[in-house]
Structures are given as structure tokens and as C-alpha cells.
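J.: Those letters in the sequence shown? Residues -30 to -1, 1 to 497, by mature numbering (1 follows the signal peptide of the UniProt record, and there is no 0). In this text, a Cβ means the ideal position worked out from N, Cα and C, and glycines have one as well.
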Amino acid sequence: MRTPWSATALCAVPLVLAGCAGSSASSSGAATTTFTIATDAVTTTLEPSKYDNISHRFAQDPVKGTLLEYQNFEESDGQVPGPDDLKPSLATSFDVGEDGITLQLGDARSAAGSTLSADDVKFTFDRILALEDPIALSLMTNAGIDPDDPVTVVNEHEVTINAKVNALSAQTLDSYRFSILDSATVRSHATDADPWATDWLSTNTASYGPYQVSAFTPGTSLTFKANPNYAGEIAYPTVNMQAVADPAARVVMAKTGQAQMVSGLPLSTISTLSKDQNVQVLAMPSQAQDMLELNKDVKAFQDPVVRRAISQALDRAALLAGPYSGLGTASTSLVSTKIPAQNSTSAYFTHDAEAARQALADAGYGDLSFTITTNQASISPVPAESLLTALKQQLAAAGITVKVATVSSAADFTAAYHEGKYEAFIRLEAPLVADPVFFLSAFHSTGGLSNYMKDSDAGVDAAVKDAVNLTGDDRLAAVAPGIASANENMIDIPLVESSNQYVYPASVCPGPMTIARYFDPATAKPC
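Here you go:
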């Protein structure tokens, strides 16, 4: 089982920007055993294979139970963890060999009373393959896990994940995609027409994690109840997640103790709250960036001269100081600097509107115009309208005419860019594992499963191919030319590296968190 956090834990994980004191209380001052989360969006489905937007991962954090897990940020000294920063979770021990990862299973029990077994592990992987979960399959491919025979059952309490082991093999097992399912419970809800119980798992959960979903209104609210068979101590037996559209209302909920955590606030609001002693703002390290994606079906965007000029026209420092309220880091590479890599940059990250204008004129694109579309829930908490306005103004200074648009529904926005309906769009690129090979392969290699811009760069493809089965420094050295090619050709336009910002009342001690969990109510306690 996951190691439970001590009741005497300090308030900090890894950076606390305001104070922590008192005891957990509701607006009436009474102690509460319910952990309420007020957020900007709630997922529309709980089915693990049906990712709709970032809120899908957010909803999975309380329920996931994985074989391995990353060290928390206190254990990793606040750094984004790597392959050496893993520890057993549902497993009690693991051994990494050339041909796979052998794990001894613990005696975790699900909310339904099932005891973790090797069959649960095999069922979870078989289900991923049967449903052709695109994100999980991408992770498996990059992790070297055998797609034809991913799991060998050694005995009831021992399994081997069959893999040509590389740097991602063990890290992948902490993804919520590989949260081990209670196979007996899932099978009990299967039908001939739905043999993997996808309908039932769209509104229910069945795992070995600290919580299970007890009520779900898609897009509106979630209620989690503590797994009564969970080995660790849980201070908040009930977790409520509510979509509260008005950021001001979410702020009031944090200040009054109506919510024990608030997410998705505008960065300007977070900057102000960091000075308020009634709340605490936690900044979590992140490997994510807001990215201006350019659809390569648009002829102009096939030309690297055009892409470079768009990048040069942008003043990232001004974006950071303005719409981002100084929270984040101006991007200098397609691969976030928070991801361990032999990173690089290029001259095209330097703001030079006149050089951009001249380059476009010389290439015959002096009248370049296009539309940028985004959705508030699909980017970092920067105000979408402010970001779009700033981009429009900066690009206009280089002679580029831009129209801007927002889509209110995250699901509609995601579906549309999947289908290639936008000329250009902004989304948060947040790889599930902090590895440059996985990131380039999934998001920017030819045919990558998250490559909705139809990027195709020979340097990226060759580097991913060379690096995918390597480990350590050899892996980073092999992918470095791909990073350099991506930056030189500016295959898409990085804007700002984000961090995950969460607001808690001063009366709540959140406990330690990891890169693979956006939040963890099971470790939270009243201060």
C-alpha cells in the first residue's frame, strides 16, 4: 500500500507561499470531515480510457492505486523526479531486469473487499489493450512494454511486466492509466455487449486506492468516499469535488473554509492570494507548457520560415509579466526545462518583431492571417481572453493578422482539435512522465498519438527512434538532436512553462504530493 503520511506532517509541499495555522473548519467554525474541492471544471467521464481534458486526470488522483509510485516532492527535494525516484506502492518490492519488472504484490483490499491479486494486474493490462486506450498504448510503447504479452503471472502474488526495459518502463507504472482495477468488481458489471464494463466505469470506480467514487454528475460534481479497507489513516473520509465557474466564488470558499482546496484560479488572483494569511498557495513543479499549436494542414504552417517568424514575433517575457502575472517561466525550448534533458534553445525564441516581419515578407507571407482558438480549462490558469489579446497584439506588430476565439466546452474544444478543425490553438502540453523521448514521441513525432497538429520533423523522428530503447545519459544524448531540430524548425510555438498552483485555507495541511498526483486528499489533515 502507499505509505500513509504522518499525522505530524508539516504544512509544506514543496513551496508554500502563505501561512498555515489553525484547525480545519467550515464557514460556521465547526470541524469538518469532508474535504471539498472547488475547481473550474469536472470531467464528463470516469472511464480510464476516455480522457476528455485535464480534469479527467484530476478526478482520478484520489482513486488510483498503482504498483509503483514516485517519491513525493519532499523525498525528492522538490525536484521533478526521474526513474531512480520510484518506490513500491501496491507492490511490496520490485526488481528491474533486462526483460521486465518483477513485482511482489501486497495485500491491499478494494472498497468491495477484494484482495489484490496477479489476476487484477493482468486484467488491467488486458483491458487497456482490448479498448485500445491511445494514451496508455503510447505509454506502453515508449516504456518498451510488450504489447502482445504485457504481463506474466508468476503466482497469485507475483507478476512480471514484460518489457525491453528503458528509462520509462518503471515510471510508466505510476500513471493513472495503470491504476490496478478490482477485476472481480469490474467483471460483475460486464455484459455481452460491453465485456469490459465501459458503461459502468464511465460513472463508477473500482480500484485499490484510498477513495472510490460514490456519486457523479458528469461535468458538475464528484463525491468520493474513503476505501474502508485502505491501510493508511485518512482524516477526510468524504471528498466532494464541485465545478464552480466563478473564480471569485472559489476564492470566497477557500477563505471561509467552505472548500479545503481550490484550483483553476486566474494567475493574477493567485498572485494576490499569496499575500493573504487566511490561505496558503502551493506551487507544484510541473513539466507542462502552454503551447501555440499550428495545424500543418494550413499550407503556411508547413514552412519553417513562417513558424520561426511567429515565434520571433512573440515577447514571452511580456506574456509572463502580463497575462501570467509573473507565475511561470518564459519558454526557451519545445521541451520544458523542468524535464531532465540535454536541452537546447534557438535564436527564434528571442523577441524580434522586425526580423519576423522581414522574414515573412521575403518568404511571400507578408499578408499572413489566421485564427487562434482555445478553451479556459485546457490551458494553465492564465485568463484565456487576456492571453489571446496579448498574442493578437504582439503578432500584429510583426504584420500578422490574427482573429481569436474561445470555446466554452472543454470537451467540444478537445474533440475539434482532435479532428483538425482549428488553424491554430492553444493547449497545455503536460506529458504524464517527465521524459523528453516520451514527450517528443507522443506530442511531436510523425503519427504521435497526441500529435494533433500533424507535426512531421525528420530530426525529431530520427532522434526518438535512436533513443527509445536506451537509458540514462545515453538516452538523453540520443534525443538531444531531436530537441535541437524541434527548436530550430519551431515545429510548434512554446509560450510559458507553467506550475500547478493550488489554494488551501490556512487550516488545512495538504501533506506531501508527487508529480503523478495533482493533489492527494488522503494525505491531507487539519493543521
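(1) Under the three-state reduction of DSSP, which class applies to Phe194: helix, strand or coil?
(2) Taking just the CA atoms, how far does Asp425 sit from Leu402?
(3) Once the 5 residues before and after Tyr387 are set aside, which same chain residues still bring their CB inside 6 Å of it?
(4) How should Thr371 be labelled, buried or exposed, when 16 other C-beta atoms within 10 angstroms of its C-beta is the threshold for buried?
(5) Specify, as a first and last residue, the run of the alpha helix (DSSP H) that Gly429 falls within.
(6) Does DSSP put Arg487 in a helix, a strand or coil?
(7) Fully enclosed by the segment 104 to 162, which beta strand (DSSP E) runs are 3 residues long or longer?
(8) How long is the line joining the alpha carbons of Ser378 and Ser233, rounded to whole angstroms?
(9) For Gln363, does the count of other Cβ atoms within 10 angstroms reach 16, so buried, or fall short, so exposed?
(10) Could you give the DSSP three-state label for Asn457: helix, strand or coil?
(11) Does DSSP put Gln182 in a helix, in a strand, or in coil?
(12) In chain order, which continuous runs of the beta strand (DSSP E) of length 3 or greater are located wholly inside the segment 336 to 368?
(13) Under a three-way DSSP split, which group does Thr6 fall into?
(14) Contact defined as beta carbons within less than 8 Å: I believe Leu75 pairs with Ser59. What is the distance between those atoms, to the nearest angstrom?
(15) Rounded to the nearest angstrom, what separates Phe409 and Val305 at their Cα positions?
(16) Report the option in Val221, Ser468, Thr62 and Asn459 whose CA atom is closest to the CA atom of Ser316.
(17) Leaving out five residues on either side along the sequence, give the residues of the same chain with a beta carbon under 8 Å from the beta carbon of Ala(-10).
(18) Report the residue from His26, Asn112 and Ala154 whose alpha carbon sits nearest the alpha carbon of Ala140.
(19) Using CA coordinates, which residue listed in Val275, Gly369 and Glu263 is at the minimum distance from Glu393?
(20) Which of the three DSSP states is assigned to Val403 in this structure?
(21) Can you grab the Cα-Cα spacing for the pair Ala270 / Val276, in whole Å?
(22) In its own chain, which residues sit with a C-beta less than 7 Å from the C-beta of Trp(-26), not counting the 5 before and 5 after it?
(23) Kindly give me the distance between the Cβ atoms of Val129 and Ala88, rounded to whole angstroms, as I take these residues to be in contact under 8 Å.
(24) Measuring straight from C-alpha to C-alpha, what distance separates residue 510 and Leu73?
(25) What's the call for Gly179, buried or exposed, on a 16-neighbour Cβ count within 10 Å?
(26) Measure the C-alpha to C-alpha separation of Trp192 and Gln312 and round it to an integer number of angstroms.
(27) Would Lys308 be called buried (16 or more neighbouring beta carbons within 10 Å of its own) or exposed?
(28) So, at 7 Å on beta carbons, what are the nonlocal neighbours of Lys34 in its own chain, with the 5 sequence-adjacent residues on each side left out?
(29) Going by alpha carbons, who is nearest to Met211 out of Asp10, Glu102, Asp246 and Lys134?
(30) Spatial neighbours of Glu399 within its chain, please: C-beta separation below 7 Å, excluding the five flanking residues on both sides.
(31) Please determine, among Ala366, Ala347 and Leu365, the residue with the shortest C-alpha to C-alpha distance to Thr376.
(32) Short check: CB of Val209 to CB of Phe186, under 7 Å?
(33) Counting only runs of 4+ residues fully inside the segment 237 to 297, write out the alpha helix (DSSP H) ranges in chain order.
(34) I need the DSSP call for Lys57, collapsed to helix, strand or coil.
(35) Give me the Cα-Cα distance between Ser(-3) and Gly390, rounded to the nearest whole angstrom.
(36) The beta strand (DSSP E) with Glu45 in it runs from where to where?
T.: Working from what's here:
(1) strand
(2) 20 Å
(3) Phe395 and Tyr422
(4) exposed
(5) Ala428 to Ala437
(6) coil
(7) 121 to 125 and 128 to 132
(8) 18 Å
(9) exposed
(10) helix
(11) strand
(12) 339 to 344
(13) strand
(14) Actually they are not in contact, since the Cβ atoms of Leu75 and Ser59 sit about 11 Å apart, beyond 8 Å.
(15) 8 Å
(16) Asn459
(17) With a pLDDT of only 40 at Ala(-10), under the threshold of 50, the placement of this residue in the model should not be trusted; the figure read from the coordinates follows. Same-chain partners within the cutoff: Ala476, Ser477 and Cys497.
(18) Asn112
(19) Glu263
(20) coil
(21) 7 Å
(22) Its pLDDT being 26, under 50, Trp(-26) is placed unreliably by the model, and the measurement read from it follows with that caveat. Around Trp(-26): Gly481, Pro482 and Thr493.
(23) 5 Å
(24) With the chain covering -30 to 497 only, the question about residue 510 has no answer from this structure.
(25) buried
(26) The sequence given here places Leu at residue 192; Trp does not occur at that position. Answer to the nearest angstrom: the Cα atoms are 41 Å apart.
(27) buried
(28) Tyr146, Ser149, Ser177 and Gly179
(29) Asp10
(30) Ala258, Gln259, Met261 and Phe413
(31) Ala347
(32) no
(33) 237 to 243, 274 to 283 and 286 to 291
(34) strand
(35) Low confidence applies to Ser(-3): its pLDDT is 43, below 50, so where it sits in the model is not reliable, and the reading given next is rough at best. About 50 Å.
(36) Run containing Glu45: none; DSSP gives neither H nor E here.
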